[in-house]
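S.K.: Here it is, the structure, as structure tokens.
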Amino acid sequence: MAWEGTQLVLLVVCLAVVCSNDTGSDNVGPMVTDKVYFDIKMGDEEIGRMVIGLFGDVVPKTVLNFKTLAEGTVVRDGKRLTYEGVRFHRIIRDFIVQGGDITQGNGYGGRSIFETARFPDENFHLDHYGAGWVNMAHHGKDTNSSQFAIFAVPAPWLDGKHVVFGKVLAGMVRLSLSLSLSLSLSLSLSQSLLLSLSTRLSVT
Numbered sequence: 115m116a117w118e119g120t121q122l123v124l125l126v127v128c129l130a131v132v133c134s135n136d137t138g139s140d141n142v143g144p145m146v147t148d149k150v151y152f153d154i155k156m157g158d159e160e161i162g163r164m165v166i167g168l169f170g171d172v173v174p175k176t177v178l179n180f181k182t183l184a185e186g187t188v189v190r191d192g193k194r195l196t197y198e199g200v201r202f203h204r205i206i207r208d209f210i211v212q213g214g215d216i217t218q219g220n221g222y223g224g225r226s227i228f229e230t231a232r233f234p235d236e237n238f239h240l241d242h243y244g245a246g247w248v249n250m251a252h253h254g255k256d257t258n259s260s261q262f263a264i265f266a267v268p269a270p271w272l273d274g275k276h277v278v279f280g281k282v283l284a285g286m287v288r289l290s291l292s293l294s295l296s297l298s299l300s301l302s303l304s305q306s307l308l309l310s311l312s313t314r315l316s317v318t
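Numbering (my numbering), first residue to last: 115 to 318.
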């Protein structure tokens with residue numbers, strides 16, 4: 115499914131961990147087992163870093179898929195599966211930012227790291243609690259691939275329909291401000307936000 119809106123890009127490279135006190139919604143949720151980060155860039159300007167904590171004890175397969183795509187270490191059909199160069203194709207102010215379509219870049223595609231391009235909903239143990247929570251975006255039941263969404267508000271109507279697997283631990287305010295500016299200026303893709311660097315981080 116494709117939506118109108120400013121577009122962003124993911125470029126995946128390895129870097130070191132950075133700490134921040136800027137978090138998403140209230141400090142709820144299970145133990146974080148893995149972390150990935152994205153450095154946010156608008157044009158040539160570095161905006162800041164966003165760190166996402168992943169809940170591998172709750173949804174291990176979903177987390178494995180996401181963190182492996184961030185690392186870009188799997189090849190399928192001769193193609194490296196990575197978020198590098200992938201657009202955030204959907205932005206709705208004060209609600210959601212969605213990206214991760216690694217095959218088409220427009221919301222109609224996506225590919226998991228597994229042998230099948232799409233994989234089933236793992237479980238719905240976690241809800242859409244509020245700002246910063248991350249889920250798998252899909253085209254219907256059991257069609258998870260590489261697309262994901264980050265929320266700015268609670269979304270209880272999506273509970274039991276989308277697998278929640280992570281939460282923004284740092285950089286949520288930077289992301290929100292950057293997205294608002296991007297939407298306000300109606301930036302073209304060449305001018306819009308880039309998630310320029312990302313990788314898996316160790317949990318200490």
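Glycine included, each C-beta is placed from N, C-alpha and C at the ideal position.
If we call anything under 8 Å between Cβ atoms a contact, is Asp235 one with Gly223?
M.R.: In the sequence shown, residue 235 corresponds to position 121, counting from 1. In the sequence shown, residue 223 corresponds to position 109, counting from 1. Taking 8 Å as the Cβ cut-off, Asp235 and Gly223 do not qualify as a contacting pair.
S.K.: Taking the alpha carbon of Arg190 as the reference point, which residue from Thr217, Met250, Lys149 has its own alpha carbon closest?
M.R.: To locate residue 190, count along the sequence shown from 1; it is residue 76. Taking only the C-alpha atoms, the option nearest Arg190 is Thr217.
S.K.: Looking at C-alpha atoms only, which residue of Val146, Lys275, Ala266, Phe279 is the closest neighbour of Leu208?
M.R.: Position 94 of the sequence shown, counting from 1, holds the residue named residue 208. Note that residue 208 is Asp in the sequence shown here, rather than Leu. Of Val146, Lys275, Ala266, Phe279, the residue nearest in Cα terms is Ala266.
S.K.: Taking 8 Å as the threshold (C-beta atoms), are Leu168 and Phe152 in contact?
M.R.: Your numbering for residue 152 matches position 38 in the sequence shown. Your numbering for residue 168 matches position 54 in the sequence shown. Against a cut-off of 8 Å, the Cβ pair of Leu168 and Phe152 comes out as no contact.
S.K.: For Ile161 and Val188, which I take to be in contact (beta-carbon distance under 8 Å), what is that distance rounded to the nearest angstrom?
M.R.: Numbered from 1 along the sequence shown, position 47 holds the residue referred to as residue 161. Numbered from 1 along the sequence shown, position 74 holds the residue referred to as residue 188. Not quite, the Cβ-Cβ distance comes to about 29 Å (not below 8 Å), so this is no contact.
S.K.: Closest to Tyr197 by CA distance: which of Ser260, Gly170, Thr147, Gly246 is it?
M.R.: Start at 1 with the first residue of the sequence shown, and residue 197 comes out as number 83. The option with the nearest alpha carbon to Tyr197 is Ser260.
S.K.: Counting along the chain, where does the alpha helix (DSSP H) carrying Leu178 start and finish?
M.R.: Looking up residue 178 in the sequence shown gives position 64. Leu178 -> alpha helix (DSSP H) spans 174-185.
S.K.: Helix, strand or coil for Leu240, going by three-state DSSP, please let me know.
M.R.: Against the sequence shown, residue 240 aligns to sequence position 126. In this structure, Leu240 counts as coil in the three-state DSSP scheme.
S.K.: Using 10 angstroms around the beta-carbon of Asp148, count the other beta-carbons present and answer buried if the total reaches 16, otherwise exposed.
M.R.: By one-based count along the sequence shown, residue 148 stands at place 34. Result: buried.
S.K.: What's the call for Gly138, buried or exposed, on a 16-neighbour Cβ count within 10 Å?
M.R.: Position 24 of the sequence shown holds residue 138. Here Gly138 scores only 49 on pLDDT, less than 50, and its place in the model should not be relied on; the value that follows carries that caveat. Flag for Gly138 reads buried.
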